[in-house]
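Q:
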Amino acid sequence: MLGAGLSAFDITAAELLAQAGLTPERLSEMLQQAWAWALPNMVLGSIVIVPLWCVSYLLRPPRG
């Protein structure tokens, strides 16, 4: 839907990036930096959350 709307107004992704002051290379670099920052935080979070979930799952009252 968005692509069709942009196409109807003859707007390209390159024009949008230029208006934002970005190049495709800079956008790619920013996405790589964001991924490099987020991945260790997600791993650290899962190292804490998964064991806590396992313990709470094992200690829950029986059903039935």
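Here the sequence shown is numbered in UniProt numbering, starting from 1 and rising by one per residue.
We put the beta carbon where it would ideally sit given N, CA and C, even for glycine.
Source: prediction; values computed, not measured.
1) Hey, residue 17 and residue 6 are a contact pair by Cβ (cut 8 angstroms); roughly how many whole angstroms apart?
2) For residue 26, which of helix, strand or coil comes out of DSSP?
3) Measure the C-alpha to C-alpha separation of residue 59 and residue 42 and round it to an integer number of angstroms.
4) Can you give, in chain order, each stretch of the alpha helix (DSSP H) that sits fully within the UniProt domain "DUF6460" (28-61) and has at least 4 residues?
5) Can the beta-carbon of residue 36 be found less than 9 angstroms from the beta-carbon of residue 24?
A: Considering the structure as presented:
1) Residue mapping note: residue 17 aligns to position 17 of the sequence shown, counting from 1. Residue mapping note: residue 6 aligns to position 6 of the sequence shown, counting from 1. Not a contact, Cβ separation roughly 13 angstroms.
2) Position 26 of the sequence shown, counted from the first residue, corresponds to residue 26. Looking at residue 26 - three-state DSSP - the assignment turns out to be helix.
3) Residue numbering aside, residue 59 sits at position 59 when the sequence shown is read from its first letter. Residue numbering aside, residue 42 sits at position 42 when the sequence shown is read from its first letter. Rounded to whole angstroms, residue 59 to residue 42 spans 25 angstroms at the Cα level.
4) For the UniProt domain "DUF6460" (28-61), not a single whole alpha helix (DSSP H) run of length 4 or above is found.
5) Translated into the one-based positions of the sequence shown, residue 36 becomes position 36. Translated into the one-based positions of the sequence shown, residue 24 becomes position 24. It is not a contact, given that the beta carbons lie outside the stated cut-off.
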